[in-house]
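Contents: one structure, followed by commentary.
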Amino acid sequence: MTHGPLAAMCRSAGWQVTELDLTGVLDKGAFMARCVRDLDLPEWFGRNWDALGDVLGDPDWGPASPGRLLVVTGWRPYARARPDEWETAQEVLAAASGHYEASDAALAVVLSLGGSDQLPPDQPG
Numbered sequence: 057m058t059h060g061p062l063a064a065m066c067r068s069a070g071w072q073v074t075e076l077d078l079t080g081v082l083d084k085g086a087f088m089a090r091c092v093r094d095l096d097l098p099e100w101f102g103r104n105w106d107a108l109g110d111v112l113g114d115p116d117w118g119p120a121s122p123g124r125l126l127v128v129t130g131w132r133p134y135a136r137a138r139p140d141e142w143e144t145a146q147e148v149l150a151a152a153s154g155h156y157e158a159s160d161a162a163l164a165v166v167l168s169l170g171g172s173d174q175l176p177p178d179q180p181g
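Using this note's numbering, count along the sequence shown one by one with no gaps and you end on 181.
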């Protein structure tokens with residue numbers, strides 16, 4: 057997904073493009089470890105929802121002007137395995153993207169539908 061047309065368009069506009077690949081993630085601990093790896097968070101990062109919100113809203117991590125596109129891939133199995141945790145993760149990501157609305161930078165979070173895994177049998181598509 058970080059090589060597709062959306063990513064290319066964002067890069068051509070000067071945006072950073074980062075992928076958060078959740079393939080194989082089935083619990084909060086694995087989600088936090090993946091955030092450390094894919095988002096290049098410091099090892100001392102607290103690995104809880106409040107700490108994730110804080111670091112994503114920190115200008116030292118946050119998007120340089122004009123912005124950062126965060127593409128979340130492979131998220132469906134985690135969403136199915138831990139729906140309450142996934143809902144919290146989405147809330148944290150949404151709040152972080154809203155944090156930059158008043159600045160000269162932007163954080164856009166996109167949930168990739170392609171390649172996440174197969175749709176459940178009861179879903180159209």
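Virtual Cβ for every residue (Gly too), placed ideally from N, Cα, C.
Item to complete: Just grab the DSSP bridge partners of ASP77 for me.
Response: THR129
Fill in: Nearest to TRP105 (by Cα), restricted to the options GLU75, TRP131, TRP142 and PRO133
TRP142
message: Restricting to Cα atoms, I'd like to know which of ALA64, ASP77 and ARG67 is closest to GLY170.
response: ASP77
Is SER121 near ASP160, with beta carbons less than 7 Å apart? yes
Notebook entry, point to check: Starting from LEU163 and walking both ways along the beta strand (DSSP E), at which residues does that stretch end?
Noted result: 162–167
Does the beta-carbon of ARG124 have 16 or more other beta-carbons within 10 angstroms, so that it is buried, or is it exposed?
buried
(message) Looking at ALA151: is its Cβ nearer than 7 Å to the Cβ of GLY109?
(response) yes
* Asked: Of the choices LEU167, TYR156 and LEU62, whose alpha-carbon is the least far from that of ASP116?
  -> TYR156
Take the Cβ of SER68 as the centre, count every other Cβ of all protein chains shown within 10 Å, and call the residue buried at 16 or more, exposed below.
exposed
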